[in-house]
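Colleague: I am attaching a structure below and will ask some questions about it afterwards.
There are 2 protein chains.
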Amino acid sequence: MNRILVVDDDPALLRALRINLTARGYTVDLARDGTTALAAATKHPPDLMIVDLGLPDMDGVDVIGGVRGWLQVPVIVLSARHLEPAKVAALDAGADDYVTKPFGMDELLARIRAALRRAAPSAVAETPVTVTEAFTVDLGARRVIRDGADVRLTPTEWHLLEVLVRHPGRLVSQRQLLQEVWGPRYESETNYLRVYVAQLRAKLEPDPSTPRYLITEPGMGYRFEP
Amino acid sequence: MNRILVVDDDPALLRALRINLTARGYTVDLARDGTTALAAATKHPPDLMIVDLGLPDMDGVDVIGGVRGWLQVPVIVLSARHLEPAKVAALDAGADDYVTKPFGMDELLARIRAALRRAAPSAVAETPVTVTEAFTVDLGARRVIRDGADVRLTPTEWHLLEVLVRHPGRLVSQRQLLQEVWGPRYESETNYLRVYVAQLRAKLEPDPSTPRYLITEPGMGYRFEP
DNA sequence: CGCCTGCGTCAAGGATGCGTCAAGATCAGC
DNA sequence: GCTGATCTTGACGCATCCTTGACGCAGGCG
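Chains as they are written, first to last, in my numbering: chain A, 20 to 245; chain E, 20 to 245.
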């Protein structure tokens, strides 16, 4: 669902947060110091960050400064410092929220939900629309339009199309398609791909027997050609 | 600069906030209860709201619900309730931050700056009223008009309709609907959606058996089609 | 030339999700 | 404490979707 990067030097706290957050369906990245945190944020940009102020190698405020500017990610500061100047400094440095230890897990989860909720519209505001001569795919609104009318896609059809459209012009391997749409255990069920690609072609291609947009790369995978 | 609406029943606190906020260059509106607060928000849409939970005429959570949906304004809750359930409820109801009394003025000001900072780009004043050929939804006034007469909606029906209308033309997943209307713990109760969408259709659609405005996307969610 | 692998097509079963209805539980107002 | 409205919960029929298998066809290779 959503990726959360937790930065703290207390292993017990890291563990507690990892368990609680993964149980709620979040993907969790952990970092023990600022350097690894910044590296992790570069590699897998998170949707939200939880940052402790007291880190071994740098101050948490500098971590915030390190991502602010190039990453529009909400930051929740988690700190043992109760004093007001620390809070003001962290908030003015770019933090979105400040929670003092010890904290209630339910409250933190609620604040995470609030932060993600208000960040959602900005992330979706840039509606990624893919236009071809035959049809239009609106990933944000989750709809496909052809000849001015909506095309009804089943959830699986939509999911498959989504993966292909997200990599325009590039080859997507059967393994990757099966894994993203059906899950890791279906990597060998290439049958599914044949059936559902055929259904997508029937609904989208002008001439389904000679595909123009959903191209087969024999033995390798499929490609969406815009 | 920025307009802030403060809702609290304590005259001393209102005065203190008015002085401090105007000194920082904010324009300040004051309200002593929920009714006047909602009226003030309709007349002069604020850029930020500070809401106390204990109001004489209604709960602060209801004030948040009254503006959420038609006004994208950050809300900071200011409350004497320290208990976690109250915080979670307020945050899930749409609040962006929760500060407990007694509070430090500098911290509150910093939280105000943080809330305004992230809200700045999306200062989109969306149209509070949506018109279709069959009915009219007024998000600001919380009214639905059909054939010139008011349609009676229950609170839950209204809440559901509100979420759908706020994303016109876009698919809203069942997860998102359940989370916003019933709360994070009801994400799997798809029964509720079926029941309440049916009730909305019965009250709004010209032909409830063949929906025109409240469209089902099987397996994915629902869509409001203006 | 024949075999084999991989792809496209089709159809049928079983499973799932949706709409509908109604009754019990809960809440609010008097 | 009662009454009506509202919310929750369960059951049922029906449509749709997913899965699975079989078949034909084309291209590569021995």
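A virtual CB, placed ideally from N, CA and C, is assigned to each residue, including glycine.
May I ask you to report which of helix, strand or coil DSSP gives A/Val47?
Modeller: A/Val47: strand per DSSP, three-state reduction.
Colleague: By DSSP's criteria, E/Glu236 is part of a beta bridge. Which residues make up the other side?
Modeller: For E/Glu236, which the question treats as bridged, DSSP gives the partners E/Gly240.
Colleague: Mind checking which residues open and close the beta strand (DSSP E) that includes A/Met68?
Modeller: Looking at the DSSP string, the run of the beta strand (DSSP E) that includes A/Met68 is Leu67 to Asp71.
Colleague: What residues from chain E crowd round A/Arg130, counting only those whose CB sits closer than 7 angstroms?
Modeller: What A/Arg130 touches in chain E: Leu110.
Colleague: Consider the Cβ of E/Leu72: report whether some Cβ of chain A lies at a distance smaller than 8 angstroms.
Modeller: For E/Leu72, the answer is no, since every Cβ of chain A falls outside 8 angstroms of its Cβ.
Colleague: Between E/Pro203 and chain A, is the shortest Cβ-Cβ distance under 8 angstroms, so that the two count as touching?
Modeller: So, interface residue.
Colleague: In terms of DSSP beta bridges, what is A/Tyr117 paired with?
Modeller: Partner(s): A/Val96.
Colleague: How many Å lie between E/Ala217 and E/Pro227 at the Cα?
Modeller: So the two alpha carbons sit approximately 8 angstroms from each other.
Colleague: Counting only Cβ pairs nearer than 7 angstroms, list the residues of chain A close to E/Lys106.
Modeller: The answer, in chain order, is Glu126 and Ala129.
Colleague: Could you say which of A/Ile23, A/Ala58 and A/Ala99 lies nearest to A/Ala42 if we only look at CA atoms?
Modeller: Among A/Ile23, A/Ala58 and A/Ala99, the Cα nearest to that of A/Ala42 is on A/Ile23.
Colleague: Quick check: the stretch 191-200 of chain A against the stretch 230-243 of chain A, are at least 3 beta-carbon pairs closer than 8 angstroms?
Modeller: Judged by Cβ distances under 8 angstroms, the stretch 230-243 of chain A makes contact with the stretch 191-200 of chain A, as three or more pairs qualify.
Colleague: Under 8 angstroms between C-beta atoms, does E/Asp78 make it to chain A?
Modeller: Not closer than 8 angstroms to any Cβ of chain A, the Cβ of E/Asp78 fails to qualify, so no.
Colleague: Could you give the DSSP three-state label for A/Ala168: helix, strand or coil?
Modeller: A/Ala168: strand per DSSP, three-state reduction.
Colleague: Let me check understanding here. Comparing Cα to Cα, which of E/Met20, E/Gly188, E/Glu236 and E/Leu158 lies closest to E/Thr61?
Modeller: That would be E/Leu158, whose Cα lies nearest to the Cα of E/Thr61.
Colleague: Could you tell me which of A/Asp111, A/Ala112 and A/Glu126 sits nearest to A/Val118, measuring between CA atoms?
Modeller: It is A/Glu126.
Colleague: Going along the chain, which residues of its own chain have a beta-carbon closer than 7 angstroms to the beta-carbon of A/Val272, five neighbours each way excluded?
Modeller: With chain A represented from 20 up to 245, any question about residue 272 of chain A goes unanswered, as that position is not in the structure.
Colleague: Among E/Val182, E/Val156 and E/Ala35, which has the Cα closest to the Cα of E/Gly167?
Modeller: Of the listed residues, the one whose Cα sits closest to E/Gly167 is E/Val156.
Colleague: Pairs of beta-carbons, one from the stretch 46-65 of chain E and one from the stretch 85-100 of chain E, closer than 8 angstroms: are there three or more?
Modeller: Yes: the two stretches touch, three or more of their Cβ pairs being nearer than 8 angstroms.
Colleague: Tell me, please, whether the CB atom of A/Arg165 is closer than 8 angstroms to any CB atom in chain E?
Modeller: Taking Cβ atoms only, chain E never reaches closer than 8 angstroms to A/Arg165, which makes this a no.
Colleague: Residue range of the beta strand (DSSP E) that E/Arg22 falls in?
Modeller: Note, E/Arg22: beta strand (DSSP E), Arg22 to Val26.
Colleague: Could you list which residues in chain E have their beta carbon closer than 7 angstroms to that of A/Glu103, in chain order?
Modeller: Chain E residues near A/Glu103: Gly123, Asp125 and Glu126.
Colleague: Verify the CB distance criterion: does E/Pro133 have a CB-CB separation below 8 angstroms to chain A?
Modeller: Here residue 133 of chain E is Ala; the residue named in the question, Pro, does not match the sequence. Chain A contact via Cβ: present.
Colleague: Give the DSSP bridge partners of A/Asp78, in chain order.
Modeller: In DSSP, A/Asp78 forms a bridge with A/Gly73.
Colleague: By DSSP, does E/Leu190 sit in helix, in strand, or in coil?
Modeller: Strand.
Colleague: Could you pull out every residue in the same chain whose Cβ sits closer than 6 angstroms to the Cβ of A/Val200, ignoring the five residues on either side in sequence?
Modeller: His178 and Leu179, listed in sequence order.
Colleague: Strictly under 8 angstroms for the Cβ-Cβ distance: is A/Arg137 near chain E by that measure?
Modeller: Interface residue, yes.
Colleague: I need the DSSP call for A/Arg161, collapsed to helix, strand or coil.
Modeller: DSSP places A/Arg161 in coil when its eight states are reduced to three.
Colleague: Using a 10 Å radius around the Cβ and a threshold of 16 neighbouring Cβ atoms, would you call A/Ile38 buried or exposed?
Modeller: Label assigned to A/Ile38: exposed.
Colleague: Note down the Cα distance separating E/Thr46 from E/Val25, rounded to an integer number of angstroms.
Modeller: Near 11 angstroms, if we compare the C-alpha coordinates of E/Val25 and E/Thr46.
Colleague: Could you tell me whether the Cβ of A/Thr173 comes closer than 8 angstroms to any Cβ of chain E?
Modeller: A/Thr173 counts as touching chain E.
Colleague: Hey, does E/Ala142 have any beta-carbon neighbour from chain A nearer than 8 angstroms?
Modeller: Legend: pLDDT at E/Ala142 = 45, less than 50; position of this residue unreliable, value from coordinates given subsequently. No, E/Ala142 does not count as interfacial toward chain A.
Colleague: Compare the Cα-Cα distances from A/Asp28 to each of A/Asn21, A/Leu97, A/Met20 and A/Gln91 and report the closest residue.
Modeller: Comparing Cα positions, the closest option is A/Leu97.
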